[in-house]
Structures are given as C-alpha cells and as structure tokens.
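Notes for the one structure printed next.
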Amino acid sequence: MIREFLFYFLVYAFLGWCTEVVYAALTTGKFVNRGYLSGPYCPIYGFGCIFVLMSLNDLINNKILLFLGSVAITSVLEFLVGWFLEKIFHQKFWDYSTRPFNLKGYICLQFSIMWGIGCMLVVDYLHPTIQIIYGFLPAIITTIFLVIGSGSILVDTIISTNSILKLNKELKRLHEISDRLKEISDDLGANLAKTSIEIQKDADETKAKIESLRAEQRVLSEKRREKLRENARKRRRMLRALPSWIHKEFQRELEELKDRL
10 MIREFLFYFL VYAFLGWCTE VVYAALTTGK FVNRGYLSGP YCPIYGFGCI FVLMSLNDLI
70 NNKILLFLGS VAITSVLEFL VGWFLEKIFH QKFWDYSTRP FNLKGYICLQ FSIMWGIGCM
130 LVVDYLHPTI QIIYGFLPAI ITTIFLVIGS GSILVDTIIS TNSILKLNKE LKRLHEISDR
190 LKEISDDLGA NLAKTSIEIQ KDADETKAKI ESLRAEQRVL SEKRREKLRE NARKRRRMLR
250 ALPSWIHKEF QRELEELKDR L
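Now the structure itself:
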C-alpha cells in the first residue's frame, strides 16, 4: 500500500509541476520552472491528490460531495503548508492577497475551485489509468522509479532549503548595509551643515570626517551592488519561479533582487 501510494505521489507531483508550467506559460508567455524545488515536481500536488484519493475515492458517484470534499481537503492543505513555510522561513512563497475571497493570502476561492475541479478529473478519469499503469509495470521498474524519484525530491528539498536559509542571511546583510548607508547619509548632511556655521579650525576637522564618510559610503554602495548582482544570479530560478514571493522582514531587498532579473 505504501509503495503504491508513493508511486501515485510522485506521478501527481510531476503532473502538478506540468500544470504549473503550463499555467505560467499561458499567463507570462514563457517557460518558467515553477515551484520551491528545482526539479520537475511540486510535492503539494502529490500530497493533495493522495489525500483526496484516500478520503474521497468512495464518493466517485456523488459529484457534489466529491467536489466539495476536494475543495475542503486541498484548501486546508494549501493553507497549512503556506502557514508552516512562513513560520519557518518568515516568507510567503505564494500570496493571494490581491485576489477576491482569500484567507490571509494563503488560499483563495478561485484556486480552491480549480483544485476541486482538478481533483474530480483525477478521481474520475486520470487515476484509473494510472492504477492500470502501476499494475502493468514490472516491480524492478517501479522500484527504480520510486528510489530515483523520492531520492531526487529529498536531495532537492535539502538543497533548496539550504539556499533559502543562505538567502535570508544575505538579505539581512543587505539590509544592514542599507541601514549603514542611511546613517552615513544622515551624518554627511549633519556635517555639511556644521561646516557652514563653524569656525575654520573646526570646519577643517569636519571636512576630514566628511571625506571619510564619503569613502565608506562608496565602498558600501559598491559592496551592496555586488551582493545584489551575485544573489540575483544565484537565485534566478527561484525568483522567477515564485513571482509573488514575500519576505516579512526584508521585502525591499527581495524586490531589488527581482528587479535585477
């Protein structure tokens, strides 16, 4: 049973990724490797379909209950995953706040309905075919598929999570540099005003301080630009894959990275 459902999970995770890619292509006019992970899979689709199949497969003849149950299960799943990721990373990897009838930006009526329709199609038409394919495949082929598929997702999850944690540190550093640049700008303004009202002796000392502040400002500005370039290059795929990505602490820096794509 576990082996069979793991097979279904991997298949639906891949088909979910395909769905996201098609949706992105239709809305943006180009290919975008969507999702938190780098590989061709979106685990939330795999979990969503598995939960629906395990809970609602007996309702295949009751379309209304099947639809409503699918909407409920997938909406709860999407809400919990979005909430959990935000608590762990202090970021929203998707945000429906601008869409009508949304709940804290994690879910919205439009996509909940689409989930419901999609799950009905899976239960009625797609899953019976996938069951036949699973029964037809030799055990060795299934085993290889399960090992490679689950291993890839596990490694991808570790790498992507590590990348997000590193990005958090980089965004924090960019934020600190921005704060220091603002302090320097304020100090420059104060010292420039001081030179206009103080005697020449003190003014010479103030001018030296101004030059020192300007030198630090140039160094920090260049360092900030370089960090933005480097992080935009390293996280190009993820920044494109998550267009509504929101950071609770460093949104300004995240937007600057997006602007450099």
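With the sequence shown counted from 1, adding 9 to any position gets you the working numbering. We treat Cβ as the ideally placed atom computed from N, Cα and C, and that holds for glycine.
If we count Cβ pairs, one from each stretch, closer than 8 Å, do we get three or more for the region 46-59 versus the region 139-148? The region 46-59, when compared against the region 139-148, does not touch it at the 8 Å Cβ threshold.
Out of Gln-119, Phe-98, Ile-97 and Arg-223, which one is the CA nearest neighbour of Ser-106? By one-based count along the sequence shown, residue 106 stands at place 97. Closest by C-alpha distance to Ser-106, out of Gln-119, Phe-98, Ile-97 and Arg-223, is Gln-119.
For the alpha helix (DSSP H) containing Tyr-54, name the first residue and the last one. By one-based count along the sequence shown, residue 54 stands at place 45. For Tyr-54, the enclosing alpha helix (DSSP H) starts and ends at 52-65.
To which residues of the same chain is Asn-71 closer than 6 Å at the C-beta, ignoring the five residues directly before and after it? Translated into positions along the sequence shown, residue 71 becomes position 62. Excluding sequence neighbours, Asn-71 sits near nothing in its chain.
Taking the straight line between their C-alpha atoms, what separation do you get for Leu-190 and Leu-94? Residue numbering aside, residue 190 sits at position 181 when the sequence shown is read from its first letter. Residue numbering aside, residue 94 sits at position 85 when the sequence shown is read from its first letter. C-alpha separation (whole angstroms): 32 Å.
Assigned exposure category for Ala-217 - 16 Cβ within 10 Å defines buried: Position 208 of the sequence shown, counted from the start, is the residue given in the question as residue 217. A residue is called buried when at least 16 other Cβ atoms come within 10 angstroms of its Cβ; Ala-217 does not meet this threshold and is exposed.
Take Ser-194 as the anchor and find which of Glu-179, Glu-220, Leu-180 and Thr-170 has the nearest alpha-carbon. Looking up residue 194 in the sequence shown gives position 185. Taking only the C-alpha atoms, the option nearest Ser-194 is Glu-220.
As assigned by DSSP and simplified to three states, the class of Phe-16: One-based indexing of the sequence shown puts residue 16 at position 7. In the three-state reduction of the DSSP assignment, Phe-16 falls in the helix class.
In terms of residues, what are the limits of the alpha helix (DSSP H) holding Leu-75? Looking up residue 75 in the sequence shown gives position 66. Per DSSP, Leu-75 belongs to the alpha helix (DSSP H) from 72-98.
Thinking C-alpha only, which one of Leu-237, Phe-154 and Met-10 is nearest Ser-187? In the sequence shown, residue 187 corresponds to position 178, counting from 1. Looking at the Cα atoms, Leu-237 is the closest of the given residues.
Tell me, please, whether the region 55-75 touches the region 128-141 by the rule of three or more beta-carbon pairs shorter than 8 Å. Three or more Cβ pairs closer than 8 Å define a contact, and the region 55-75 meets that threshold against the region 128-141.
In angstroms, rounded to a whole number, what distance separates the CA positions of Arg-245 and Thr-170? For the purposes of this step, residue 245 is taken as residue 236 along the sequence shown, with counting starting at 1. For the purposes of this step, residue 170 is taken as residue 161 along the sequence shown, with counting starting at 1. Distance from the CA atom of Arg-245 to the CA atom of Thr-170, rounded to whole angstroms, is 15 Å.
Can you give the Cα-Cα distance for Arg-108 and Phe-102, rounded to whole angstroms? For the purposes of this step, residue 108 is taken as the residue at position 99 of the sequence shown. For the purposes of this step, residue 102 is taken as the residue at position 93 of the sequence shown. Straight-line Cα distance between these residues: approximately 16 Å.
Assuming contact is defined by CB atoms lying nearer than 7 Å, are Ser-79 and Cys-128 in contact in what I supplied? Mapped onto the sequence shown, residue 79 falls at position 70. Mapped onto the sequence shown, residue 128 falls at position 119. Pairing Ser-79 with Cys-128 gives a Cβ-Cβ distance under 7 Å.
Please report the distance separating the alpha-carbon of Ile-208 from that of Glu-231. Counting from 1 along the sequence shown, the entry for residue 208 is found at position 199. Counting from 1 along the sequence shown, the entry for residue 231 is found at position 222. In this prediction, Ile-208 scores a pLDDT of 48, lower than 50, which makes its location untrustworthy; no coordinate-derived value is stated.
Endpoints, alpha helix (DSSP H) assigned at Gly-38: The residue given as residue 38 occupies position 29 in the sequence shown. In the DSSP assignment, Gly-38 falls outside any alpha helix (DSSP H), carrying neither H nor E.
Relative to the C-alpha of Leu-62, which residue among Arg-233, Ile-139 and Ala-224 is closest? The residue you call residue 62 lines up with position 53 of the sequence shown. Answer by Cα proximity: Ile-139.
Per DSSP, which residues does Ile-122 bridge with? Please list them. As a first step, residue 122 is located in the sequence shown; it is residue number 113 there, counting from the start. By DSSP's assignment, Ile-122 forms no beta bridge with any residue.
Reduced DSSP secondary structure (H/G/I, E/B, other) of Ile-255: The residue labelled residue 255 in the question sits at position 246 within the sequence shown. Correct three-state label for Ile-255: strand.
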